[in-house]
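Numbering (mature numbering (1 follows the signal peptide of the UniProt record, and there is no 0)), first residue to last: -21 to -1, 1 to 181.
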């Protein structure tokens, strides 16, 4: 049981403590329906997405694990530094601008969006991720290597700060011309909001 302080403005008195039970976890797989996935795939079908992924694949190619680790370390170090060339370059990319608008347009449904290349490295993102390489995580390993139509819905996780349930929907990004996998995308969905909208029939 968790507690939060409730101010007198809520009418519970200056010393009122209200117990707030964490709500039961929603069924992420049931809430993230084929219709929800299709809507996201349509948004990710904007030409800026595959063009950006293909451009980075062409630039980086099949780089070594040592090079990947070095880039990932640089990203993590830059998060704590005042000079952030790698982070700044990624966040200022046209794809990042598009993903930020996509997140804003969801009106609270999408908490975070990022797109990865064939190496699992970030290409664009709506906010700063904790690391630059996702290739060692299920979000990448259960999508890109599996095939162009792969979808992986992760388990629901409670966000204590936002007081909402979140789940990551992960999909493969395919080349619109060849249909072959070129990268992957992760969309963190606010399940609490999705459940509310589903209940309201919107």
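In this text, a Cβ means the ideal position worked out from N, Cα and C, and glycines have one as well. Please read all numbers here as calculations on a predicted model, not as lab measurements.
Can you pull the DSSP bridge partners for residue 146? By 1-based counting over the chain shown, the position of residue 146 is 167. Under DSSP, residue 146 forms a beta bridge with 168.
Taking 8 Å as the cut-off, does the segment 80 to 88 touch the segment 51 to 61 (at least 3 CB pairs, one atom from each stretch)? Not touching, per the Cβ criterion.
Item checked: the segment 150 to 167 in contact with the segment 27 to 44 per 3-pair CB rule at 8 Å -> Yes, they touch.
Check: How is residue 19 classed by DSSP in three states: helix, strand or coil?
Finding: Here the question's residue 19 lines up with position 40 in the chain shown. DSSP places residue 19 in helix when its eight states are reduced to three.
Contact under 8 Å by Cβ, residue 119 with residue 81:
The count along the chain shown starts at 1 and reaches residue 119 at position 140. The count along the chain shown starts at 1 and reaches residue 81 at position 102. No.
Notebook entry, point to check: Can you tell me whether DSSP reads residue 248 as helix, strand or coil?
Noted result: Limits of the chain in this structure are -21 at one end and 181 at the other, which puts residue 248 out of reach.
Point to revise | Supposed close pair residue 114, residue 47 - CB separation, criterion 8 Å | key: Locating residue 114 in the chain shown gives position 135, where the first residue counts as 1. Locating residue 47 in the chain shown gives position 68, where the first residue counts as 1. Yes, they are in contact, since the Cβ atoms of residue 114 and residue 47 sit about 7 Å apart, within 8 Å.
If you measure between the beta carbons of residue 65 and residue 53, is that distance less than 8 Å?
For the purposes of this step, residue 65 is identified with residue 86 of the chain shown, where counting begins at 1. For the purposes of this step, residue 53 is identified with residue 74 of the chain shown, where counting begins at 1. A contact, by the Cβ cut-off of 8 Å.
Completely contained beta strand (DSSP E) runs for the segment 77 to 128, where each covers 3 or more residues: Counting only runs of at least 3 residues, the segment 77 to 128 fully encloses the following beta strand (DSSP E) elements, listed from N- to C-terminal order: 89 to 95 and 101 to 104.
| Cβ separation of residue 43 and residue 79, assumed to be a contact under 8 Å, to the nearest whole Å | As a working mapping, residue 43 is identified with position 64 in the chain shown. As a working mapping, residue 79 is identified with position 100 in the chain shown. Beta-carbon to beta-carbon, residue 43 and residue 79 are separated by about 31 Å, too far to satisfy the 8 Å threshold.
Just the C-alpha distance for residue 14 and residue 140, rounded to the nearest angstrom, thanks.
Translated into the one-based positions of the chain shown, residue 14 becomes position 35. Translated into the one-based positions of the chain shown, residue 140 becomes position 161. Taking the straight line joining both Cα atoms gives about 29 Å.
request  = Return the first residue and the last residue of the beta strand (DSSP E) that residue 136 is part of.
outcome  = Along the chain shown, one-based indexing puts residue 136 at 157. 136 to 138 is the span of the beta strand (DSSP E), which, as asked, contains residue 136.
> Mind checking residue 128: buried by the 16 CB within 10 Å criterion, or exposed?
Replying inline: Taking the chain shown and counting its residues from 1, one reaches residue 128 at position 149. Per the 10 Å Cβ criterion, exposed.
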